[in-house]
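Chemist: I'd like to ask you about the structure that follows.
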Amino acid sequence: MSHISPVLWQFLVKWLTNFKLFPPEASKIAPQMDALYFFMVLVSLVGLTLVILLILSFSLLYSKKRHPVATQIEGSTLLEATWTIIPLGLFLVMFVWGALLYFRVYTPPANAMNIYVVGKQWMWKVEHPGGQHEINSLHVPVGRAVQLTLISQDVFHSFSIPAFRVKREAIPGRYTSVWFEATTPGTYHLFCTQYCGTNHSQMIGDVVVMTPDDFRKWLAGSTSGNSLAQNGERLFASLSCNACHNSKPDARGPNLVGVYGSRLTLATGQSVDVDDAYLRNAILNPTQNITQGYTPIMPTYQGQISEEGVFALVEYIKNLQSDYRLQQTLNTTELLPGNEGGTAPAGKTAAGPEEVKQ
Ligand code: HEC
Ligand SMILES: [Cu+2]
1 MSHISPVLWQ
11 FLVKWLTNFK
21 LFPPEASKIA
31 PQMDALYFFM
41 VLVSLVGLTL
51 VILLILSFSL
61 LYSKKRHPVA
71 TQIEGSTLLE
81 ATWTIIPLGL
91 FLVMFVWGAL
101 LYFRVYTPPA
111 NAMNIYVVGK
121 QWMWKVEHPG
131 GQHEINSLHV
141 PVGRAVQLTL
151 ISQDVFHSFS
161 IPAFRVKREA
171 IPGRYTSVWF
181 EATTPGTYHL
191 FCTQYCGTNH
201 SQMIGDVVVM
211 TPDDFRKWLA
221 GSTSGNSLAQ
231 NGERLFASLS
241 CNACHNSKPD
251 ARGPNLVGVY
261 GSRLTLATGQ
271 SVDVDDAYLR
281 NAILNPTQNI
291 TQGYTPIMPT
301 YQGQISEEGV
311 FALVEYIKNL
321 QSDYRLQQTL
331 NTTELLPGNE
341 GGTAPAGKTA
351 AGPEEVKQ
């Protein structure tokens with residue numbers, strides 16, 4: 001992306017980065033964020049210079065020596081309109097520009113690969129769909145849109161990667177998300193940017209951006225044997241969710257196959273889109289939204305499942321196939337750059353987990 005930015009700007013960014021005054025631009029959105037940032041700095045500098053020049057020239061031109069007797073000036077509508085309309089225009093440009101960027105940062109593309117992140121005092125725990133866990137580090141491939149689903153298990157945290165120009169709050173009890181596409185392999189800082197207690201300053205880590213090949217190797221070398229969805233499948237059985245949710249015709253709960261991404265009608269007549277946040281809420285606060293046609297018999301699982309466990313259940317439900325079995329490709333090739341479509345051909349479905357096991 002940076003190749004389309006003007007030469008002077010590239011020089012400026014390199015210079016600032018070299019003197020450790022500015023993080024490198026390592027994501028697709030970074031040069032766009034910086035363009036707005038530099039525009040705002042430029043407008044401020046021009047305004048500052050203008051004000052200083054006016055103060056200096058007025059204090060010389062209208063000093064007591066030159067004008068011993070004060071004159072009454074009634075004002076000028078034209079002048080006032082000018083200094084209102086020009087700043088208004090400039091601020092509106094910043095507003096629209098900022099809003100467009102905001103929507104880009106918070107609207108992940110449909111083909112983004114999803115990684116789950118839990119913030120807690122004082123560390124970041126990362127869960128990959130393939131079952132790889134990390135603490136205070138995040139491995140991602142270059143050139144692939146990555147969406148993070150964030151949550152905190154205690155207090156407010158804020159997940160920030162300065163080199164990518166992204167930051168998002170990790171909030172207890174609610175999923176938030178952010179996405180980026182890394183452009184340059186390397187290791188970058190990961191911070192918590194919300195004061196969250198004594199060891200807040202140690203809630204830091206590394207984001208490692210790898211080439212697709214290296215990332216594939218890393219995935220294979222870090223596997224825990226089970227994908228996140230497989231962990232979810234086990235949890236689903238051990239918590240007896242399958243007593244009510246199964247593919248039998250007389251099941252007491254709704255069939256969860258295909259529920260993810262669908263539009264559900266609630267008992268109140270409202271319809272809702274089923275996303276990660278909806279699934280989490282349905283598991284932890286089942287009485288809050290009752291699905292039409294069902295009685296509210298589902299018990300709450302509040303306090304019984306860790307946030308990682310909820311991630312696993314969500315990932316399992318997302319990948320359910322008609323017979324409550326998993327779509328087994330999810331931890332390998334499907335996630336990798338160059339395979340943007342996301343859906344692997346049917347014949348490949350069984351090959352998934354074995355490929356990464358050593
Ligand atoms: C006692 C039976 C029962 C058990 C056990 C149960 N559920 Fe449910 N579940 C239901 C019923 C009935 C509904 C529909 C009414 C509602 O929304 O509460 C439901 C709704 C849901 C929904 C909302 C989606 C939809 O289609 O309505 C999700 C997600 C869900 N359950 C997941 C789970 C998970 C995960 C577990 C285990 C941790 C679980 N359930 C355990 C009965 C159950
Ligand atoms: Cu924190």
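For the record, in the sequence shown the residue sitting at position 150 is 150 according to the working numbering, with numbers rising by one throughout.
Backbone N, C-alpha and C define an ideal beta-carbon position, used for all residues, glycine too.
No experiment lies behind these values; they were computed from the predicted model shown.
Taking the alpha-carbon of A237 as reference, which of G309, Q302, I55 has the nearest alpha-carbon?
Modeler: The sequence position of residue 237 within the sequence shown is 237, counting from 1. Per the Cα distances, G309.
Chemist: If you check the beta carbons only, do A170 and L150 fall under 8 Å apart?
Modeler: Along the sequence shown, read from residue 1 onward, the residue named residue 170 stands at position 170. Along the sequence shown, read from residue 1 onward, the residue named residue 150 stands at position 150. Taking 8 Å as the cut-off, the beta carbon of A170 is found closer than this to the beta carbon of L150.
Chemist: Given the structure, does A243 come close to ligand 1, in the sense that its CB is under 7 Å from one of the ligand's heavy atoms?
Modeler: Position 243 of the sequence shown holds residue 243. Answer for A243: yes, Cβ within range of ligand 1.
Chemist: Mind checking which residues open and close the beta strand (DSSP E) that includes S44?
Modeler: Start at 1 with the first residue of the sequence shown, and residue 44 comes out as number 44. Where S44 is concerned, there is no enclosing beta strand (DSSP E), although the alpha helix (DSSP H) it sits in stretches over 30–61.
Chemist: If you draw a straight line from the alpha carbon of T184 to that of Y102, how long is it in whole angstroms?
Modeler: Taking the first residue of the sequence shown as position 1, residue 184 is located at position 184. Taking the first residue of the sequence shown as position 1, residue 102 is located at position 102. Near 22 Å, if we compare the C-alpha coordinates of Y102 and T184.
Chemist: If you run the structure through DSSP and keep just helix, strand and coil, what is L8?
Modeler: Indexing the sequence shown from 1 puts residue 8 at position 8. In the structure shown, L8 sits in a helix (DSSP, three-state: H, G or I).
Chemist: Does the beta-carbon of G119, which I'm using as the reference point, lie nearer than 7 Å to any heavy atom of ligand 2?
Modeler: Translated into the one-based positions of the sequence shown, residue 119 becomes position 119. Yes, Cβ of G119 sits closer than 7 Å to a heavy atom of ligand 2.
Chemist: On a Cα-Cα basis, can you pick out the residue from T49, N246, E134 that is closest to W218?
Modeler: Along the sequence shown, read from residue 1 onward, the residue named residue 218 stands at position 218. With distances taken between Cα atoms, W218 lies closest to E134.
Chemist: Give the DSSP-derived three-state secondary structure of L138 in the structure shown.
Modeler: Stepping through the sequence shown from its first residue, residue 138 is reached at position 138. The three-state reading of DSSP puts L138 in strand, counting E and B together.
Chemist: According to the neighbour-count rule (16 or more other Cβ atoms, all chains shown, within 10 Å of its Cβ), is I85 buried or exposed?
Modeler: The count along the sequence shown starts at 1 and reaches residue 85 at position 85. Exposed.
Chemist: Using a Cβ-Cβ cutoff of less than 6 Å, which residues in the same chain neighbour L335 once the five nearest sequence positions on both sides are dropped?
Modeler: Counting from one through the sequence shown, the residue named residue 335 turns up at place 335. Because L335 sits at a pLDDT of 48, beneath the cut-off of 50, its placement in the model cannot be relied upon, and the point is left open.
Chemist: Does H128 pass the burial test, meaning 16 or more other C-beta atoms within 10 Å, or should it be called exposed?
Modeler: Against the sequence shown, residue 128 aligns to sequence position 128. Looking at its Cβ environment, which holds 16 or more other Cβ atoms inside 10 Å, H128 is buried.
Chemist: Given a threshold of 16 other Cβ atoms within 10 Å of its Cβ, counted over all protein chains shown, does R263 qualify as buried or as exposed?
Modeler: Position 263 of the sequence shown holds residue 263. It is exposed - the Cβ of R263 has fewer than 16 other Cβ atoms within 10 Å.
Chemist: Please report the distance separating the alpha-carbon of S152 from that of L48.
Modeler: Within the sequence shown, the letter at position 152 stands for residue 152. Within the sequence shown, the letter at position 48 stands for residue 48. Going by the C-alpha atoms only, they are around 41 Å apart.
Chemist: Determine, using beta-carbon pairs with one atom in the stretch 195–203 and one in the stretch 298–312, whether at least three such pairs fall under 8 Å.
Modeler: Taking a cut-off of 8 Å for Cβ pairs, the stretch 195–203 and the stretch 298–312 do not touch, as fewer than three such pairs fall below it.
Chemist: Please state whether DSSP places A112 in a helix, a strand or coil.
Modeler: The residue given as residue 112 occupies position 112 in the sequence shown. In the structure shown, A112 sits in coil (DSSP, three-state: anything other than H, G, I, E or B).
Chemist: By how many angstroms is the C-alpha of F156 removed from the C-alpha of V51?
Modeler: For the purposes of this step, residue 51 is taken as residue 51 along the sequence shown, with counting starting at 1. For the purposes of this step, residue 156 is taken as residue 156 along the sequence shown, with counting starting at 1. About 41 Å.
Chemist: Mapping the DSSP letters down to three states, classify V118 as helix, strand or coil.
Modeler: Reading the sequence shown from its first residue, position 118 is the one you call residue 118. Residue state, collapsed to three classes: strand.
Chemist: Would you mind working out which of S306, V314, E315, S44 sits nearest D154, comparing C-alpha positions?
Modeler: Along the sequence shown, read from residue 1 onward, the residue named residue 154 stands at position 154. Looking at the Cα atoms, S306 is the closest of the given residues.
Chemist: Along the chain, where does the beta strand (DSSP E) that runs through M203 open and close?
Modeler: The residue you call residue 203 lines up with position 203 of the sequence shown. Careful: M203 lies outside any beta strand (DSSP E) and carries neither H nor E.
Chemist: Is the CB-CB distance between F7 and D34 below 8 Å?
Modeler: Mapped onto the sequence shown, residue 7 falls at position 7. Mapped onto the sequence shown, residue 34 falls at position 34. Residue identity check: residue 7 is Val in the sequence provided, not Phe. Taking 8 Å as the cut-off, the beta carbon of V7 is found no closer than this to the beta carbon of D34.
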